[in-house]
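J.: Per this note's numbering, the very first residue in the sequence shown carries number 16; after that it's consecutive.
Quick reminder that beta carbons are idealized off the backbone N, C-alpha and C, glycines included.
Predicted model only: the values in this text are computed from it and were never measured.
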Amino acid sequence: MVGAVERQLQVLLTGGPLHFTLIDPEKSPGPRAAAIARAAAGAGSHAILLGGSTGISPEGMGAAAREIRAAVPLPTIIFPEGPGSLTGEAHAVLFMSMLNSRNLGLVIRTHARAAPVVRQLGLEAIPMGYLVIAPGMRVGEVGEADLVGREEVERAQGFALAAEMLGMRFVYLEAGSGAPAPVPAPMVRAVRSVLSIPLVVGGGIRSGAEAAQLLSAGAQILVTGTITEEEGVGSGFRSILAEVQRARRG
Ligand code: 1GP
């Protein structure tokens with residue numbers, strides 16, 4: 016069943032592409048997370064994702080989600096690292112399968128353990144296929160990803176289409192947090208061309224120019240994390256948001 020947060024995102028997507036701000040509660044605990052969220056919302060970001068580090072606790076996640084929800088009216092969505100990321104303080108969780116992991120736990124087995132907890136917490140689950148593209152960075156290593164090469168466009172299309180056929184309602188192409196370059200625009204364009212569900216792109220987006228390339232290739236949701244952890248909501252972040260707003264107007 017499509018929940019309230021997902022419906023809200025669907026409505027927003029009818030107006031053009033969106034931007035999500037990823038905040039890591041380990042690097043930016045409670046009050047700092049809220050400050051980043053406030054600034055990001057002020058700059059026009061559409062949702063807050065909470066996640067990132069390994070070893071996050073439900074308490075840390077809960078405190079950050081609580082403070083963010085008190086600070087901004089945006090959807091606050093868990094971008095889980097594992098069951099330890101779950102807290103009922105958030106609005107929703109990206110219930111995602113790492114499609115190209117060699118570890119079955121990250122494909123489906125952890126989900127079987129987490130699903131009853133998600134239900135018990137009353138969290139909205141947003142089903143998503145998550146595909147790690149080279150270089151993959153830390154999530155590629157920890158996630159034991161069988162990385163999709165940057166030129167392996169048809170392989171990426173196959174995974175994405177399989178996710179849609181399995182009933183997942185979003186596909187996320189991830190280059191890895193802090194990647195030296197984002198997912199290549201030709202791959203984004205090719206994947207988008209076979210999908211009818213929204214395409215999320217993240218990892219290594221640091222400039223308006225990169226955002227513009229990805230948006231014109233058909234990315235519907237851009238995710239950035241490192242830029243705000245390192246620079247706060249500065250000119251780089253604002254230039255990315257300006258491109259998203261331009262695409263929404265255009
Ligand atoms: C990581 O795609 C997100 O999962 C964001 O990446 O930290 O490089 O912005 P960055």
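Which word fits residue 69, buried or exposed, when buried means at least 16 other C-beta atoms lie within 10 angstroms of its C-beta?
T.: Flag for residue 69 reads exposed.
J.: Between residue 19 and residue 139, how many whole angstroms is the CB-CB distance? I'm expecting something under 8 Å.
T.: Right, their Cβ atoms sit about 7 Å apart.
J.: Between the Cα of residue 126 and the Cα atoms of 104, 97, 188, which residue gives the shortest distance?
T.: With distances taken between Cα atoms, residue 126 lies closest to 97.
J.: Give the range of the beta strand (DSSP E) segment to which residue 237 is assigned.
T.: Start and end: 236 to 239.
J.: Is residue 36 near the ligand 1GP, judged by its Cβ being under 6 Å from some heavy atom?
T.: No, the Cβ of residue 36 stays beyond 6 Å of every heavy atom of the ligand 1GP.
J.: If you reduce the DSSP assignment to three classes, tell me which class residue 116 lands in.
T.: Note: residue 116 maps to strand in three-state DSSP.
J.: With H, G and I counted as helix, E and B as strand and the rest as coil, what does DSSP make of residue 28?
T.: Helix at residue 28.
J.: So, residue 213 versus residue 65, is the Cβ gap smaller than 7 Å?
T.: Going by C-beta atoms, residue 213 is not nearer than 7 Å to residue 65.
J.: In terms of residues, what are the limits of the alpha helix (DSSP H) holding residue 126?
T.: Run containing residue 126: 125 to 136, per the alpha helix (DSSP H) assignment.
J.: Taking DSSP as the reference, what is the three-state secondary structure of residue 146?
T.: Strand at residue 146.
J.: Say whether the stretch 162 to 182 touches the stretch 112 to 125, bearing in mind that this needs 3 or more beta-carbon pairs closer than 8 Å, one atom from each stretch.
T.: Flag = yes, the stretch 162 to 182 and the stretch 112 to 125 touch.
J.: Measuring only from the beta carbon, is residue 102 closer than 6 Å to any heavy atom that is part of the ligand 1GP?
T.: Because no heavy atom of the ligand 1GP lies under 6 Å away, the Cβ of residue 102 does not count as near it: no.
J.: Tell me the residue span of the beta strand (DSSP E) that contains residue 227.
T.: It is not in any beta strand (DSSP E) - residue 227 instead sits in the alpha helix (DSSP H) that spans 223 to 231.
J.: Just list the residues that DSSP pairs residue 189 with in beta bridges.
T.: According to DSSP, residue 189 bridges with 147, 217.
J.: State the beta-bridge partners of residue 139 as determined by DSSP.
T.: Residue 139 is bridged to 107.
J.: Measure the C-alpha to C-alpha separation of residue 50 and residue 41 and round it to an integer number of angstroms.
T.: Straight-line Cα distance between these residues: approximately 15 Å.
J.: For residue 75, is the classification buried or exposed, using 16 other Cβ atoms within 10 angstroms of its Cβ as the cut-off for buried?
T.: Result: buried.
J.: Only counting the same chain, and skipping five residues up and downstream in sequence, which positions put a Cβ closer than 6 Å to that of residue 131?
T.: Once the five neighbours on either side are set aside, residue 131 has no close Cβ partner at all.
J.: With a threshold of 6 Å (Cβ to nearest heavy atom), would residue 192 be considered close to the ligand 1GP?
T.: Yes, the Cβ of residue 192 comes within 6 Å of a heavy atom of the ligand 1GP.
J.: In this structure, how does DSSP classify residue 160 when only helix, strand and coil are distinguished?
T.: If DSSP states are grouped into helix, strand and coil, residue 160 belongs with the strands.
J.: Sorry if obvious, but does the Cβ on residue 245 come closer than 6 Å to a heavy atom of the ligand 1GP?
T.: No, Cβ of residue 245 sits at least 6 Å from all heavy atoms of the ligand 1GP.
J.: Do you know whose CA, among 165, 180, 92, lies nearest residue 133's CA?
T.: Here the closest residue by C-alpha is 92.
J.: What residue range does the beta strand (DSSP E) around residue 83 cover?
T.: Residue 83 -> not in any beta strand (DSSP E); alpha helix (DSSP H) instead, spanning 73 to 86.
J.: Measure the C-alpha to C-alpha separation of residue 200 and residue 228 and round it to an integer number of angstroms.
T.: Answer to the nearest angstrom: the Cα atoms are 6 Å apart.
J.: I'd like the list of long-range same chain contacts for residue 153, defined as Cβ closer than 7 Å, with 5 residues on each side in sequence excluded.
T.: If we look at residue 153 and ignore the five residues flanking it on each side, its Cβ neighbours are 191, 192.
J.: Just the C-alpha distance for residue 255 and residue 224, rounded to the nearest angstrom, thanks.
T.: If you take the alpha carbons of residue 255 and residue 224, they lie about 8 Å apart.
J.: Put residue 6 into one of helix, strand or coil per three-state DSSP.
T.: The shown model of the chain, from 16 to 265, leaves out residue 6, and the question about it has no answer.
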